[in-house]
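A quick write-up on the structure given underneath.
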Amino acid sequence: MGSIRKVKTPIQAIVKKCMECCCSVKEEVRQCDMYDCALWGFRLGDEVPIEKPKEKKTKHKK
Ligand code: SF4
20 MGSIRKVKTP IQAIVKKCME CCCSVKEEVR QCDMYDCALW GFRLGDEVPI
70 EKPKEKKTKH KK
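Numbers in the numbering used here are just positions in the sequence shown, counted from 1, shifted up by 19.
See the structure below:
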């Protein structure tokens, strides 16, 4: 909990959470393909969310 003081913005909190999710391996965060995760578009620290690949937006394919 002590590290929460180093997080100053919501984006920083997201990046920190993603680093925790990927065992602090930055390349794993970059390559994350969990498109349904609410943090996915912000995982690289951008204020504007990264667009998901079009064919991966939904789980259901017809
Ligand atoms: S976007 Fe990926 S790395 Fe970040 S929390 Fe979600 S699953 Fe984990």
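All residues carry an ideal CB built from backbone N, CA and C; glycine is no exception.
* **Any heavy atom of ligand 1 nearer than 6 angstroms to the CB - residues listed** => Lys36, Cys37, Cys40, Cys41, Val48, Cys51, Met53, Cys56, Leu58, Trp59, Arg62
* **Selected residue, minimal CA-CA separation from Lys36, among Val67, Glu46, Glu70, Arg62** => One-based indexing of the sequence shown puts residue 36 at position 17. Among Val67, Glu46, Glu70, Arg62, the Cα nearest to that of Lys36 is on Arg62.
* Beta-carbon separation (whole angstroms), Cys41 vs Val34, contact threshold 8 angstroms -> The sequence position of residue 41 within the sequence shown is 22, counting from 1. The sequence position of residue 34 within the sequence shown is 15, counting from 1. In fact, because the Cβ distance is near 11 angstroms, the residues do not count as touching under 8 angstroms.
* What residue from Lys71, Ile30, Gln31, Lys25 has the CA that sits closest to Gln50's CA? -> Against the sequence shown, residue 50 aligns to sequence position 31. Among Lys71, Ile30, Gln31, Lys25, the Cα nearest to that of Gln50 is on Lys71.
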